[in-house]
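Some notes on the structure that comes next.
There are 2 protein chains.
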Amino acid sequence: MIEIARGLIATNGLRSLKVRDVAEAADCSIGSVYNEFGDFDGLILTVNRETVRALTARLVAVPAEDPVRQLHGLAETYLAFAADHANLLRSLFEHRMEDDRPFPEDILLMVMQAFALMHEPMVRLLPDRNPEEVALLARMMFSAVHGIISLGLEERMVAVPPEKLRQQLAQFVDTHLVGLGISLDKARDGEV
Amino acid sequence: MIEIARGLIATNGLRSLKVRDVAEAADCSIGSVYNEFGDFDGLILTVNRETVRALTARLVAVPAEDPVRQLHGLAETYLAFAADHANLLRSLFEHRMEDDRPFPEDILLMVMQAFALMHEPMVRLLPDRNPEEVALLARMMFSAVHGIISLGLEERMVAVPPEKLRQQLAQFVDTHLVGLGISLDKARDGEV
DNA sequence: ATATATTTTGAACAATGTTCATTTTCAACC
DNA sequence: GGTTGAAAATGAACATTGTTCAAAATATAT
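If you read the sequences in order, they're chains A and B.
Start counting the first sequence at 1; every next residue gets the next number (our numbering).
Start counting the second sequence at 1001; every next residue gets the next number (our numbering).
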């Protein structure tokens, strides 16, 4: 059932997800969807939860030997996920809850965890800086990468081809690291 | 009537905009809204059009004497606009059209024009690089700024206070420019 | 003043999230 | 096997909301 909802979101976007379609595809009644997820938001959030879980799993799997390479890997992995599951990511970031119910804590935590994955390599690259400041830098870098990817893939706005985007992202990460005073060559070979 | 719709979006978000509310507030019938805008999307797009127009107007007004200062000004102006009109900007970037009707050409052009405002100062700062490459850099930088701001202001995700965000943005722009090999002090004083 | 065109209206319709009394299913017990 | 009571599934009915369109109201022309 979650599978079905995810498929519908992935192929046609969140807007085209209908309770009745899910129920019919799952060969059950409308009421059963409500018994399972409480309401429509509950269904969407369940899909979103799995989306961020899948994303985090991929990001965590990025090798961490070399911090610079890790940062590139995180950006590339994020891009690959976004390119493969554009609608699912949009559902995660753009869906507003009914009324103004609070965003579920656990999803928030997982997103934060994903954000924080850039923290460790950044600390390694900037051992002398205040860790709190580095945390902000990491979040900022993640946000920047997110922006580049999400706007870059936006079809409405003349999307950049993924391969082109991959190059741009790599360039962006390098540029930013250089700007932070990190020597790319050194980091890529030596230490650890 | 546009005014009313904008007010409703701005205060409660796009999701809470209802045709009936607009009609009632405008003291006219539901049908009149349709006569004026064709359909619901038409109304939203009209508001979005004015949003991007207002944003562009503010960005264009940023002084262009010094390219580095201009880039900072553009980022700060964008932040100020986003902080003041978070829901309107979200409506512009997140609204999906019914079915899959194409995104209106004129709005697309205006957004592109806004993107392109970073192009000129970047060309001035990187006179030796291929202008096409610089255009990509500019778009990338705009996307990064957009990402930092939109995620930064996202209340669901523990929003960064705007003042803090302002500092971070300035730092980001500086860092990126340094990474591109641009001397900030020189640029800030000399040449033109 | 009449006729024609234009605009406005809002009741009716369609799509869709939601509820809940009813039915069905299932498990436990005698 | 039959009885009983809890648990789960059902889908008709409802509420909200975008949309349509024949009719009414208004404006314009002659």
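The beta carbon of each residue, even a glycine, is placed where N, CA and C say it ideally should be.
(message) Determine, for Q168 (chain A), whether the minimum Cβ-Cβ distance to residues of chain B falls below 8 Å.
(response) yes
(request) Note the first and the last residue of the continuous alpha helix (DSSP H) segment covering V111 (chain A). (result) 105 to 116
(request) Whole angstroms is fine: what's the gap from V195 (chain A)'s alpha carbon to Q70 (chain A)'s? (result) Here chain A comprises residues numbered 1 to 192, so residue 195 (chain A) is not present and cannot be evaluated.
(request) Measuring only between beta-carbons, confirm whether A1144 (chain B) sits less than 8 Å from chain A. (result) yes
(message) Going by C-alpha to C-alpha distance, which of B:F1172, B:G1179, B:K1018 sits closest to H1072 (chain B)?
(response) B:F1172
(message) Using a Cβ-Cβ cutoff of less than 8 Å, which residues in the same chain neighbour A10 (chain A) once the five nearest sequence positions on both sides are dropped?
(response) H85, N87, L88
(message) So for R166 (chain A), helix, strand or coil by DSSP?
(response) helix
(message) So, at 7 Å on beta carbons, what are the nonlocal neighbours of M118 (chain A) in its own chain, with the 5 sequence-adjacent residues on each side left out?
(response) L71, L74, A138, M141, F142
(request) Leaving aside the five residues before and after P1104 (chain B) along the sequence, list all residues of the same chain whose C-beta is less than 8 Å from its C-beta, in chain order. (result) L1045, R1049
(message) 8 Å is my cut-off, CB to CB: does I44 (chain A) come that close to chain B?
(response) no
(request) Look up A1159 (chain B) in the DSSP assignment and say whether it is helix, strand or coil. (result) coil
(message) Does chain A have any CB closer than 8 Å to the CB of G1013 (chain B)?
(response) yes
(message) Taking the straight line between their C-alpha atoms, what separation do you get for L1079 (chain B) and A26 (chain A)?
(response) 45 Å
(request) Take the Cβ of L169 (chain A) as the centre, count every other Cβ of all protein chains shown within 10 Å, and call the residue buried at 16 or more, exposed below. (result) buried
(message) Using a Cβ distance threshold of 8 Å, determine whether the stretch 1031 to 1042 of chain B contacts the stretch 101 to 115 of chain A, with at least three qualifying pairs required.
(response) no
(message) Output needed in chain order: residues of the stretch 149 to 164 of chain A with a Cβ under 9 Å from some Cβ in chain B.
(response) I149, S150, L151, G152, E154, E155, R156, M157, V158, V160, K164
(message) Within 8 Å of any Cβ in chain B, is that where the Cβ of R96 (chain A) sits?
(response) yes
(request) Please classify N1130 (chain B): does DSSP put it in a helix, a strand, or coil? (result) coil
(message) Tell me the rounded alpha-carbon separation between L1055 (chain B) and N35 (chain A).
(response) 45 Å
(message) For R53 (chain A) and P1127 (chain B), what's the separation of their Cα atoms in angstroms?
(response) 45 Å
(message) Output needed in chain order: residues of the stretch 1078 to 1105 of chain B with a Cβ under 7 Å from some Cβ in chain A.
(response) E1094, R1096, F1103
(request) Could you check what DSSP says for A1010 (chain B) in three-state terms: helix, strand or coil? (result) helix
(request) Measure the C-alpha to C-alpha separation of S150 (chain A) and L92 (chain A) and round it to an integer number of angstroms. (result) 12 Å
(message) Looking at the secondary structure, which residues open and close the alpha helix (DSSP H) in which A1061 (chain B) lies?
(response) Run containing A1061 (chain B): none; DSSP gives neither H nor E here.
(message) With a threshold of 8 Å between beta-carbons, can V1062 (chain B) be considered close to chain A, or not?
(response) no
(message) Would H1176 (chain B) pass as an interface residue toward chain A - the criterion being a Cβ-Cβ separation below 8 Å?
(response) yes
(request) Can you give me, in chain order, the residues of the stretch 1122 to 1140 of chain B that have a beta carbon less than 7 Å from any beta carbon in chain A? (result) L1136, M1140
(message) Nearest by alpha-carbon distance to P161 (chain A): which of B:R1156, B:G1038, B:L1136 is it?
(response) B:L1136
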